[in-house]
Amino acid sequence: MRTNLERIQRDVEALAAFNSTPGAGLTRFSFSEEHRKAQDYIVAEMEKAGLQVRVDACGTVIGRLEGEDPDAAVIMTGSHYDSVRNGGNFDGPAGVITGLETARVFQENKIRPRRPVEFIAMVEEEGARFGGGLFASRAMTGRLTAEELATFTDADGVTTGEAMRAFGLDPAAYKQAVRRRGEIKNFIELHIEQGPVLEAGGIQVGIVETIVGIKEVEVTITGRPDHAGTTPMEMRADAFLAASKTAIAANEAAVRVGEGTVATVGKVEVKPGSFNIVPGKVTFYIDIRSKKLACVDAVLDAVKEKLEELTAENEGLSYELRMMLATDPVDTDPHVCAALEQSARELGLSSKRMLSGAGHDAMVMADVTDIGLVFVPSRGGRSHCPEEWTDYDLLQNGIETVCATVEKLACDG
Numbered sequence: 172m173r174t175n176l177e178r179i180q181r182d183v184e185a186l187a188a189f190n191s192t193p194g195a196g197l198t199r200f201s202f203s204e205e206h207r208k209a210q211d212y213i214v215a216e217m218e219k220a221g222l223q224v225r226v227d228a229c230g231t232v233i234g235r236l237e238g239e240d241p242d243a244a245v246i247m248t249g250s251h252y253d254s255v256r257n258g259g260n261f262d263g264p265a266g267v268i269t270g271l272e273t274a275r276v277f278q279e280n281k282i283r284p285r286r287p288v289e290f291i292a293m294v295e296e297e298g299a300r301f302g303g304g305l306f307a308s309r310a311m312t313g314r315l316t317a318e319e320l321a322t323f324t325d326a327d328g329v330t331t332g333e334a335m336r337a338f339g340l341d342p343a344a345y346k347q348a349v350r351r352r353g354e355i356k357n358f359i360e361l362h363i364e365q366g367p368v369l370e371a372g373g374i375q376v377g378i379v380e381t382i383v384g385i386k387e388v389e390v391t392i393t394g395r396p397d398h399a400g401t402t403p404m405e406m407r408a409d410a411f412l413a414a415s416k417t418a419i420a421a422n423e424a425a426v427r428v429g430e431g432t433v434a435t436v437g438k439v440e441v442k443p444g445s446f447n448i449v450p451g452k453v454t455f456y457i458d459i460r461s462k463k464l465a466c467v468d469a470v471l472d473a474v475k476e477k478l479e480e481l482t483a484e485n486e487g488l489s490y491e492l493r494m495m496l497a498t499d500p501v502d503t504d505p506h507v508c509a510a511l512e513q514s515a516r517e518l519g520l521s522s523k524r525m526l527s528g529a530g531h532d533a534m535v536m537a538d539v540t541d542i543g544l545v546f547v548p549s550r551g552g553r554s555h556c557p558e559e560w561t562d563y564d565l566l567q568n569g570i571e572t573v574c575a576t577v578e579k580l581a582c583d584g
């Protein structure tokens, strides 16, 4: 193999050190001190690999290896390096490190591509700080809006735009990050599977054919805070009870429509938040995913119907629903899939075509280019937790596959 296992391990461990919750999983929120340190490391490693490095208007680090034809559409690879709260060391950084190691292989083997190659590291994919997610890729594809920068806030009430400004970026310039169709020939992302399929089958490399569609909504139900002991059950406007019924409706709808559709309520905020007060206000978030957009929409319709029913039955209840993220199901490019499959075969690696149940920046980048998505095995299928793990040699298999494919596409494509 041309990639270096020790360097890959060093990169994983170095990035894992930039963490606000040491000993309790990885927490690296966008535009934080930990983000700054990780960015500095990535920039330094890109420069060592001989890349021309810049940071775009929305915080994506871009390292460019010039091609013999500098005007040709670029081959791009990378992923994100923000994290969820108390997550793992591989979700996102595995793909960033793929870019770093591929750049080093090109440098060490004096590979001069015909097309330029860009190695990128993106931010706020998870949406863990501000909600929404897929921030950098949405900025690059023109989906990001000024309204979002002004209204999406973190737990302390800081808007995305304010955090960008404090980080040294100009939120008013966000449109400068946009890349037009035709600029990028292919985008390839490596990611950990975050599921058990590859490990269970003893498969070394997953080649994704379809990425699920996702809709994430914020629901706020306003009721009336009252004394828990003196307010009769039939006279309450209990916001949490209504939220619970809505969550059940989402769950039942996902089961009913089938097609692998899932609905999750993973975050709930109850106010006033006291054991002896009837909840007066609840904000919760519903994540709906399916390979079929019609199934996603059917679950969302069921949620809206339940909210209308509950507020009609109890005049003390009202609700607001805000869309935080909406992405359609996306197919990867068959030619890129075939190239990845060929690379794996030539490397003597087993591979499997598969579905991605998680959203990734690649699916947004499909707005402007043809994409490929590669998975490497996750131990026990675990992710978004401290126990998330991929053996370094298994990660190297995926990196080798991407590296070989990027070389083919950049030199011959």
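Residue numbers (our numbering): 172 to 584.
The beta-carbon is built from N, C-alpha and C at its ideal position, and this holds for glycine as well.
Asked: Can you tell me which residues form a DSSP beta bridge with residue 455?; Found: 390 and 439
Asked: Can you name, in chain order, every residue of its own chain whose Cβ lies under 8 Å from the Cβ of residue 385, other than the five neighbours on each side?; Found: 458, 459, 460, 467, 496, 497, 498 and 530
Asked: For residue 382 versus residue 527, is the C-beta distance shorter than 8 Å?; Found: yes
Asked: I'd like to confirm the pairing. Which residues does DSSP put opposite residue 502 in its beta bridges?; Found: 381
Asked: Pull up the distance between the alpha-carbon of residue 194 and that of residue 256, whole angstroms please.; Found: 12 Å
Asked: Measuring alpha carbon to alpha carbon, tell me which of 451, 175 and 375 ends up nearest residue 490.; Found: 451
Asked: Give the DSSP-derived three-state secondary structure of residue 289 in the structure shown.; Found: strand
Asked: Is the Cβ-Cβ distance between residue 178 and residue 279 less than 8 Å?; Found: no
Asked: Going by other Cβ atoms of all chains shown within 10 Å of its Cβ, with 16 needed for buried, is residue 438 buried or exposed?; Found: exposed
Asked: Under DSSP, the beta strand (DSSP E) around residue 545 begins and ends at which residues?; Found: 541–547
Asked: Taking the alpha-carbon positions, what's the residue 374 to residue 520 distance?; Found: 8 Å
Asked: Could you give the uninterrupted runs of the alpha helix (DSSP H) lying entirely in the segment 462–492, keeping only those of 4 residues or more?; Found: 464–484
Asked: Helix, strand or coil: which one does DSSP assign to residue 251?; Found: strand
Asked: Would the beta-carbon of residue 252 fall within 8 Å of that of residue 299?; Found: no
Asked: Near residue 431, which residues of its chain fall below 7 Å by C-beta distance, leaving aside the five closest residues on each side in sequence?; Found: 461 and 462
Asked: Determine the contact status of residue 197 and residue 260, defining contact as a CB-CB distance below 8 Å.; Found: yes
Asked: According to the neighbour-count rule (16 or more other Cβ atoms, all chains shown, within 10 Å of its Cβ), is residue 445 buried or exposed?; Found: exposed
Asked: Between which two residues does the alpha helix (DSSP H) carrying residue 567 extend?; Found: 563–582
Asked: For a quick check, are the C-beta atoms of residue 440 and residue 417 less than 8 Å apart?; Found: no
Asked: Is the segment 509–519 touching the segment 569–584, taking contact as three or more C-beta pairs under 8 Å?; Found: yes
Asked: Can you give the Cα-Cα distance for residue 557 and residue 442, rounded to whole angstroms?; Found: 29 Å
Asked: Do residue 566 and residue 265 have their C-beta atoms closer together than 8 Å?; Found: yes
Asked: If you run the structure through DSSP and keep just helix, strand and coil, what is residue 360?; Found: strand
Asked: Among 215, 559, 380 and 580, which one has its Cα closest to the Cα of residue 292?; Found: 215
Asked: Using three-state DSSP, classify residue 271 as helix, strand or coil.; Found: helix
Asked: What three-state label does DSSP hand residue 332 in the structure shown?; Found: helix
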